[in-house]
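Reviewing the structure listed below.
There are 2 protein chains.
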Amino acid sequence: MRNFTYYTPTKVFFGKDTHKQIGQIVEDYGFRKIMVQYGKGSVKATGLYDEVMASLAAHGIEVVECGGVQPNPTLDFVHEAIRIARETEVEMILAVGGGSVIDSCKSTAAGVPYDGDVWDFHSYKASPQAALPVGCILTLSAAGSEMSASAVITNEALCQKRGFGSPFNRCLFAVCNPELTYTVSPYQTACGIVDSMAHTLERYFIPCAPTDLTDRIAESVLHALVGAGKTLMEDPHDYEARATAMWASSVSHNGLTGCGRGDALAVHQLEHALSGEFTAVAHGAGLAVLLPAWARYCYRRDLPRFAQFARRVWDVTAQDDEQAAREGIDAMAAFFKFLGMPTTLREFGVSAAAIDRLCALTTRNGERVIESVVPLDDAAVKAIFESCC
Amino acid sequence: MRNFTYYTPTKVFFGKDTHKQIGQIVEDYGFRKIMVQYGKGSVKATGLYDEVMASLAAHGIEVVECGGVQPNPTLDFVHEAIRIARETEVEMILAVGGGSVIDSCKSTAAGVPYDGDVWDFHSYKASPQAALPVGCILTLSAAGSEMSASAVITNEALCQKRGFGSPFNRCLFAVCNPELTYTVSPYQTACGIVDSMAHTLERYFIPCAPTDLTDRIAESVLHALVGAGKTLMEDPHDYEARATAMWASSVSHNGLTGCGRGDALAVHQLEHALSGEFTAVAHGAGLAVLLPAWARYCYRRDLPRFAQFARRVWDVTAQDDEQAAREGIDAMAAFFKFLGMPTTLREFGVSAAAIDRLCALTTRNGERVIESVVPLDDAAVKAIFESCC
């Protein structure tokens, strides 16, 4: 087990009707004037927006609206939100939405007290030394941003999608009502299951000394997500499955499944290149294509671990480690397919001609090798992208 | 899944040599003058005390010493510590020790800004509205107090051992170096394994709606603790096992294994009566006697759950739920015995004559019924105590 620091201060209000407490929660923290960010309007269509505003108004909270965050939230939007937040002197930022909205809020919050360009954080030129507090009302189980230390933004001018980690990226609070995800489409639900699984799965395969408890917790999260995914493809209104998917997505990325291992997400680096370049690609769908390809590229380098994954998560019974490992990866790929996920880049309209560009984006023109079961240099990244063309 | 609030803000510095960072950690939080509480001197014998003081001195931290906390920490000691903390105007309290020292610090910290008697909190006459910050350097994997919201103190005048929960009881930080537990005796190591298991196990059996993810995480914690316990009885210096036991004890009581279920610890109520009245009884040893007795009293009321526990934690293969449940309880009892734990109250020198008194203490003279698989009224408590005489 590696040494680690575990810091997950986000206060989570989980369960039915919890979003109706938002005015009380904000008041209890002592905030009087807040910015509210949300997406393209689905929160208005569902009535959530009205409920949130009513609760805030009932507690006398002044609101500065900032709607229109898009999936793969952009740096331009964040710049504008920072300008407004400074001008209006809001005391905190409330995200009403999924990971994109929360990440937009986190980046805004870190940018407000910073003299330079907030992109400095995303490009690792600087680290935040302060940030406005961020809270959220979660509407999508996927990114885990409600409890995570990371924020991902797309710089459209540079065609770069970049995340950075910081304790200042931890939400002060997260309001998580699984019922708010009833209206999420089957496709987006599936993307969320895959993304949630990836956050645990990628940490699970970080090469390191044994971590028995973290392994078992990780397997629990994966097991629960598979079960919830299967149920939700049948019945999107199953409360227990929605609740399991939502809590699992938070636990999967709050640091717990990395304790003693680390938090590096290798396959996410490939996917950020993919959906940064092809912005119509849903992050979870990109991961669903890349995860099996990555696993097939790597598994021979750590057969015992892939075999453990196969046996404990996918109930594979094969005695031989290589056979078990292969069956486990096949079971994972089959599950993603069952969820309705694509299995090739072609299904996104991405041709082999794009691969060199994706490799360059992933390895930053060969400047970095990504830690993984097999270290991912240019050649490895290329081989993985090619294998899922 | 029940609605829940999850709030675990303690920053954990986990791993080898982490205690040597204590001066830097305290300085980073901005504290200049702190109280240090510790126990009966073992921290001096091991050299830990000197290392801690050297690190604090190197960072210019002024220390007010307050040694001599005893196992089952007393209200009298806390009163005196509160007086000293007020007089010296310390800014935070650092516990160097196990759960007893940490709980003493928590109670002291809550008492300092409170006008009344701190026992008001333990007897539920009042709730803390403020507290000094508490940090700890953990030397024993057992109570989970380093991350928990609870603090247990013994009022010797009333012969009462009482815990209370509060967000103010959450440590600001916890320094957890598994190597510091190498010197813990096999008996105390075993007691710690049992106590750690109990925190998860008792939540696991709270009657409520399904909680698939929490179940699996709970089973992971129990599995890991059983494995670590077996290894440590053979080799007390196995780092990975010490690390697993330490991290599991924190996770077991930080709220995670109660998410969607609740945090009521039924068997702990019986044990607090036992070790409150017979102060030589080690808490974990008391639990080792009471847990199987409680399980045998209750299991028929929730056979599917006890059968799940048996199959997933103890690898019982019996098809019949009743048989599986019984085999699971037997396996748990056998494991406690393997750890060298007592199996009867008699081994503590507690005779049948004491049972009425223990019942009265547990149910507070019949004033409360304890939530459990079977609600524990006077008659139930009596039957459980009698069954392990």
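From first to last, the protein sequence lines stand for chains L and G.
Just remember that my numbering sits 1161 ahead of the position in the first sequence, which is counted from 1.
Just remember that my numbering sits 1161 ahead of the position in the second sequence, which is counted from 1.
Ideal Cβ positions, reconstructed from N, Cα and C, are used throughout, including at glycine.
Bear in mind the structure is a predicted one, so any value in this text is a computation, not a measurement.
- Query: What residues from chain L crowd round G:K1391, counting only those whose CB sits closer than 7 Å?
  - Reply: The residue labelled residue 1391 of chain G in the question sits at position 230 within the second sequence. Those within 7 Å of G:K1391 in chain L number zero; the least Cβ separation is about 12 Å.
- Message: Just to confirm, is the Cβ distance from G:Y1199 to G:V1257 under 7 Å?
- Response: Position 38 of the second sequence, counted from the start, is the residue given in the question as residue 1199 of chain G. Position 96 of the second sequence, counted from the start, is the residue given in the question as residue 1257 of chain G. Yes; because the gap between Cβ atoms is below 7 Å, this pair is in contact.
- Query: Ordered along the chain, which non-local residues of its own chain (more than five positions away) have a Cβ less than 6 Å from that of L:Y1365?
  - Reply: Within the first sequence, numbered from 1, the residue matching residue 1365 of chain L stands at position 204. The answer, listed in chain order, is A1379.
- Query: Using the beta-carbon of each residue, which ones in chain G are nearer than 7 Å to L:W1408?
  - Reply: One-based indexing of the first sequence puts residue 1408 of chain L at position 247. Within 7 Å Cβ-Cβ: L1374 and C1420.
- In chain order, what residues of the same chain have a beta carbon less than 7 Å from the beta carbon of L:F1175, not counting five sequence neighbours either side? In the first sequence, the residue the question calls residue 1175 of chain L occupies position 14. C1337 and W1408.
- Of all the residues that make up the stretch 1517–1538 of chain L, which are near chain G by a beta-carbon distance shorter than 7 Å? none
- Item | Unbroken stretches of the alpha helix (DSSP H), 4 residues or longer, contained in the stretch 1339–1422 of chain L | 1347–1365, 1373–1395 and 1400–1414
- Query: Nearest to G:P1347 by alpha carbon, out of G:T1372, G:G1324, G:F1325 and G:S1302?
  - Reply: Your numbering for residue 1347 of chain G matches position 186 in the second sequence. Per the Cα distances, G:S1302.
- Task: Measuring alpha carbon to alpha carbon, tell me which of L:A1443, L:A1335, L:A1242 and L:E1395 ends up nearest L:C1297.
- Result: By one-based count along the first sequence, residue 1297 of chain L stands at place 136. The shortest Cα separation from L:C1297 among L:A1443, L:A1335, L:A1242 and L:E1395 belongs to L:A1335.
- Listed from N- to C-terminal order along the chain, which residues in the stretch 1358–1374 of chain L have their beta-carbon within a distance smaller than 9 Å of any beta-carbon of chain G? A1370, P1371, T1372, D1373 and L1374
- Does G:R1377 get closer than 7 Å to chain L when you measure Cβ to Cβ? Indexing the second sequence from 1 puts residue 1377 of chain G at position 216. Yes, because at least one Cβ of chain L sits closer than 7 Å to the Cβ of G:R1377.
- Message: Counting only beta-carbon separations shorter than 7 Å, does G:M1253 have a partner in chain L?
- Response: By 1-based counting over the second sequence, the position of residue 1253 of chain G is 92. Output row for G:M1253: interface = no.
- How many angstroms separate the CA atom of G:A1385 from the CA atom of G:L1236? Stepping through the second sequence from its first residue, residue 1385 of chain G is reached at position 224. Stepping through the second sequence from its first residue, residue 1236 of chain G is reached at position 75. Looking at the two C-alpha atoms, the distance is approximately 35 Å.
- Rounded separation between L:H1429 and G:L1209 - CA only: On the first sequence, residue 1429 of chain L is found 268 positions in, with the first residue counted as 1. On the second sequence, residue 1209 of chain G is found 48 positions in, with the first residue counted as 1. Each residue's Cα considered, the two are about 42 Å apart.
- Message: Here's the rule I'm using: 16 or more other beta-carbon atoms within 10 Å means buried, otherwise exposed. How should G:F1282 be labelled?
- Response: To locate residue 1282 of chain G, count along the second sequence from 1; it is residue 121. Per the 10 Å Cβ criterion, buried.
- Message: DSSP has L:L1426 in a bridge; who is on the other side?
- Response: Residue mapping note: residue 1426 of chain L aligns to position 265 of the first sequence, counting from 1. According to DSSP, which records beta bridges pairwise, L:L1426 is partnered with nothing at all.
- What do you get for L:N1330, buried or exposed, if any count of 16 or more other CB atoms within 10 angstroms of its CB means buried? Within the first sequence, residue 1330 of chain L is the residue found at index 169, counting from 1. L:N1330 is buried by the Cβ-count criterion.
- Message: Tell me which residues share the same chain as G:K1177 and place their Cβ nearer than 7 Å to its Cβ, disregarding the 5 neighbours each side in the sequence.
- Response: The sequence position of residue 1177 of chain G within the second sequence is 16, counting from 1. For G:K1177, same chain residues with a beta-carbon under 7 Å away, outside a window of 5 residues either side, are N1338 and E1340 in chain order.
- Task: Can you pull the chain L residues whose beta carbon is under 7 Å from the beta carbon of G:F1165, in chain order?
- Result: On the second sequence, residue 1165 of chain G is found 4 positions in, with the first residue counted as 1. The CB of G:F1165 comes closer than 7 Å to the CB of F1175 and G1176 in chain L, given here in chain order.
- Count the other CB atoms, across all protein chains shown, that sit within 10 Å of the CB of L:Y1458; report buried if there are 16 or more and exposed otherwise. Your numbering for residue 1458 of chain L matches position 297 in the first sequence. Classification for L:Y1458: buried.
- Item | Beta carbon proximity, L:S1512 to chain G, threshold 7 Å | Taking the first residue of the first sequence as position 1, residue 1512 of chain L is located at position 351. Judged by the 7 Å Cβ criterion, L:S1512 is not in contact with chain G.
- Compare the C-beta of G:E1401 with all C-beta atoms of chain L and state if any pair is closer than 7 Å. By one-based count along the second sequence, residue 1401 of chain G stands at place 240. Taking 7 Å as the threshold, the shortest C-beta distance from G:E1401 to chain L falls below it.
- Task: Give the DSSP bridge partners of L:R1487, in chain order.
- Result: Residue 1487 of chain L sits at position 326 when you count from the first residue of the first sequence. BP columns for L:R1487 are empty, so no partner.
- Item | Under 7 Å by beta carbon: chain G residues contacting L:T1169 | If you number the first sequence from 1, residue 1169 of chain L lands on position 8. Result: T1169.
- So is L:R1461 buried or exposed if we call it buried at 16+ other beta carbons inside 10 Å? Working through the first sequence from its first residue, we reach residue 1461 of chain L at position 300. Of the residues assessed, L:R1461 falls on the exposed side of the cut-off, its CB having fewer than 16 other CB atoms within 10 angstroms.
- Can you name the start and end residues of the beta strand (DSSP E) that G:T1171 belongs to? Taking the first residue of the second sequence as 1, we reach residue 1171 of chain G at position 10. Here the beta strand (DSSP E) through G:T1171 covers F1165 to F1175.
- Classify G:N1551 as buried or exposed, calling it buried when 16 or more other Cβ atoms lie within 10 Å of its own Cβ. For chain G, the structure presents residues 1162 to 1550; residue 1551 of chain G sits outside this window and is missing.
- Measure the alpha-carbon distance for G:L1426 versus G:E1363 and round it to whole angstroms. Taking the second sequence and counting its residues from 1, the one referred to as residue 1426 of chain G is at position 265. Taking the second sequence and counting its residues from 1, the one referred to as residue 1363 of chain G is at position 202. Going from the Cα of G:L1426 to the Cα of G:E1363 covers about 5 Å.
- Could you pull the start and end residues of the alpha helix (DSSP H) that L:K1205 belongs to? In the first sequence, counting from the first residue as 1, residue 1205 of chain L sits at position 44. L:K1205 -> alpha helix (DSSP H) spans S1203 to A1206.
- Message: Ignoring anything shorter than 4 residues, give me the alpha helix (DSSP H) runs that lie fully in the stretch 1443–1517 of chain L, in order along the chain.
- Response: Correct list: 1444–1459, 1464–1475 and 1482–1499.
- Message: Contact between the stretch 1513–1531 of chain G and the stretch 1444–1457 of chain G is defined here as three or more beta-carbon pairs at a separation below 8 Å; is this criterion met?
- Response: no
- Interface residues of chain L facing G:V1382 [CB-CB closer than 9 Å]: Walking along the second sequence from the start, residue 1382 of chain G turns up at place 221. Within chain L, the residues near G:V1382 are L1374, R1377 and I1378.
- Query: Near G:F1192, what residues of its chain come up, given a Cβ to Cβ distance below 6 Å and the 5 sequence neighbours on each side ignored?
  - Reply: Residue mapping note: residue 1192 of chain G aligns to position 31 of the second sequence, counting from 1. If we look at G:F1192 and ignore the five residues flanking it on each side, its Cβ neighbours are E1252 and M1253.
- Collapsed DSSP secondary structure at G:E1241 in the structure displayed: Translated into the one-based positions of the second sequence, residue 1241 of chain G becomes position 80. Helix at G:E1241.
- Task: Compare the C-beta of L:K1205 against all C-beta atoms of chain G and say whether one is closer than 7 Å.
- Result: To locate residue 1205 of chain L, count along the first sequence from 1; it is residue 44. With 7 Å as the cut-off, L:K1205 does not count as an interface residue toward chain G.
- Item | Nearest candidate by alpha-carbon position, reference L:A1492, set L:R1507, L:D1481 and L:D1476 | For the purposes of this step, residue 1492 of chain L is taken as the residue at position 331 of the first sequence. It is L:D1476.
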